[in-house]
Amino acid sequence: MVMKIGYARVSTSGQNLDLQLDRLADCDRIYREKVSAASTKNRPELKNALDFVREEDVFIVTKLDRLARSVVDLSNIVQRLEDKKVDLVVLDQGIDTTTIYGKLQFNILAAIGEFERGLIRERSREGRDKAKYRGVKFGARPKLSSGDTQSLVQDFMTPGLSKRELAELYGISISSVYRLFDENRPADAA
0 MVMKIGYARV STSGQNLDLQ LDRLADCDRI YREKVSAAST KNRPELKNAL
50 DFVREEDVFI VTKLDRLARS VVDLSNIVQR LEDKKVDLVV LDQGIDTTTI
100 YGKLQFNILA AIGEFERGLI RERSREGRDK AKYRGVKFGA RPKLSSGDTQ
150 SLVQDFMTPG LSKRELAELY GISISSVYRL FDENRPADAA
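Numbering-wise, numbering that gives the first Met the number 0 puts 12 at position 13 of the sequence shown, and it's gapless, one number per residue.
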């Protein structure tokens, strides 16, 4: 049996869901919450609704901004609905994927979301490249200074000192002892 699943949301507890609930009255089941739409993770009822819907169901909201706060967020939700073969109806924007024109709008939204995600990835990569050019180091900071590393290399070559003792002495793992030695070994210690 195909079900109409409604979702209503307001951002603060002082706001009222009544108008949305009136518009969603034809739904078989309505999920409602009073939370900010910062992310899907902070909206447990939206997650429950998206988990509940099944193939051929219709997911209904009154406005897109009740469903998502960004194009990327919307795209993720749309993709999840599309993967489950669930139609989307947005009453105020006239989006209805149960029709061929609605499917066109749906796909345009998904394409815009994918484009936006690509732009974000590209901007992030450009930012990292610029930072690297300016000398910014990424990743975890080394536990040992260059002087400590040189001492470790000398201690590594000292007979009678186990690699486990070296690891404990320098506060690093045994594999790091070997890696640092390999990366910094003197040319004559091959």
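Where a beta carbon is used, it is the ideal one built from N, C-alpha and C, also for glycine.
Would residue i pass as a contact of residue j if the rule is Cβ separation under 9 Å?
| i | j | result |
| --- | --- | --- |
| A48 | I94 | no |
| E125 | K83 | no |
| N41 | V52 | no |
| E115 | V70 | yes |
| I173 | R163 | yes |
Taking all protein chains shown into account, decide if residue i is buried (16 or more other Cβ within 10 angstroms of its Cβ) or exposed.
| i | result |
| --- | --- |
| Q19 | buried |
| R65 | buried |
| V135 | exposed |
| T97 | exposed |
| A110 | exposed |
| A67 | buried |
| L168 | exposed |
| L103 | exposed |
| L45 | buried |
Please name the residue, chosen from the options, that lies closest to residue i on a Cα-to-Cα basis.
| i | options | result |
| --- | --- | --- |
| M191 | G101, E44 and L23 | Absent from the model: residue 191. The displayed extent of the chain is 0 to 189, so no value can be given. |
| F105 | P43, I173, V152 and N75 | N75 |
| V57 | S69, I171, D72 and G101 | G101 |
| D154 | D50, P43, V176 and T11 | V176 |
| Q78 | E182, E113 and E44 | E113 |
| T148 | R127, A186 and I171 | I171 |
| E182 | L165, S145 and A166 | S145 |
Tell me, to the nearest whole angstrom, how far the beta carbon of residue i is from that of residue j; I am working on the premise that it is less than 8 Å.
| i | j | result |
| --- | --- | --- |
| R31 | L16 | 5 Å |
| L179 | L151 | 6 Å |
| L63 | L73 | 7 Å |
With a threshold of 8 Å on Cβ separation, who are the neighbours of residue i within its own chain once the five nearest residues in sequence on each side are excluded?
| i | result |
| --- | --- |
| T61 | A7, L18, Q19, R22, L23, V89, L90 and D91 |
| K131 | F137 |
In its own chain, which residues sit with a C-beta less than 6 Å from the C-beta of residue i, not counting the 5 before and 5 after it?
| i | result |
| --- | --- |
| V85 | V52, D56 and F58 |
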